Amino acid sequence: MPPLSFCHYTSVGVQGAFGLSAFGNLNEFFDRQLTTYEHYKDGEALIRNYRNSGNFIKGEIGLAVNWKLLEGKLQIYGRPKQTFYKSTDIYNKTYNPLSVTVQATYYLNSFYFQAYYQSPDKMMFTSSPQINKSRNFHSLTVGWANSEWNIRFMGANFFNRGWSSAQIVTESPLYTEYRENIGTSSHSRINVSITYTSGYGKKVQRGNEVGEQSGANSAIMK
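Every number in the working numbering is 34 more than the matching position in the sequence shown, counting from 1.
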């Protein structure tokens, strides 16, 4: 089920343009198939099995805020989101993580400067007693563009140390497992992107090639 927009508010004034949207969704899986861990041979070992057990509920509510200042040169975007997980029957568990995304972009002629932060993503799996916790993502980007060229330099995750990208914890009455994913997605890095767009032979409709700014849906023009 896609997110449902509960309300939308837009204000345009001397100080800038402000857009606000609320969203939410709710999903429930009835009698879902679940990974279980059970005694085997009178408790000599554990066996992993699959059975239908209980329901799984996931809901979320949040806000998407976009504030444009200095005649659109400064754009600030924020999205707090509260997620609700509920598992019933064998794994009777509730998990309610909060996540936040913040982005600020400043346009200066053909240049733009962007700061981005996304808090760690946390989720509970549908078909097993697992919780996944990823690391935060943050970046600073400097870009330049004209009608044909687009050049970007991005430094990401400069405060993160190590190569851990996610932690997966499995907790059940008979079995507990801790697993750590190792990779480059959350490690500090520098990205350089240079692109050239040619409209030879046909008219090319370009989007925002200087830099992309997320935001609440709005009729406000940049």
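From the three backbone atoms N, C-alpha and C, an ideal C-beta is built for every residue, glycine too. Bear in mind the structure is a predicted one, so any value in this text is a computation, not a measurement.
- Per the DSSP secondary-structure output, residue 82 pairs in a beta bridge with 71.
- In the DSSP assignment, residue 156 falls within the beta strand (DSSP E) that extends over 156 to 158.
- For residue 107, no pairing in a beta bridge is given by DSSP.
- Ranking 107, 162, 92 and 161 by CA distance to the CA of residue 130 puts 92 first.
- Put simply, the backbone Cα of residue 67 is about 22 Å away from that of residue 94.
- Judged by beta-carbon spacing, residue 121 lies beyond the 8 Å limit of residue 96, meaning their Cβ atoms are not closer than that value.
- Excluding its 5 nearest sequence neighbours in each direction, residue 136 has C-beta neighbours in its own chain below 6 Å: 112 and 151, listed in chain order.
- Going by DSSP, residue 175 is part of the beta strand (DSSP E) stretching over 171 to 179.
- Of the other Cβ atoms in all chains shown, 16 or more fall within 10 Å of the Cβ of residue 110; this residue is therefore buried.
- Your pair residue 204 and residue 211 checks out as a contact, with CB atoms roughly 4 Å apart and the cut at 8 Å.
- Below 8 Å, too few C-beta pairs join the segment 189 to 197 and the segment 152 to 168 to call them touching: fewer than three.
- Taking a C-beta distance under 8 Å as the contact criterion, residue 232 and residue 216 do not qualify as a contact pair.
- Secondary structure of residue 153 (DSSP, three-state): coil.
- Taking residue 162 as the centre and dropping the five residues before and after it, the same chain places the C-beta of 69 closer than 6 Å to its C-beta, in chain order.
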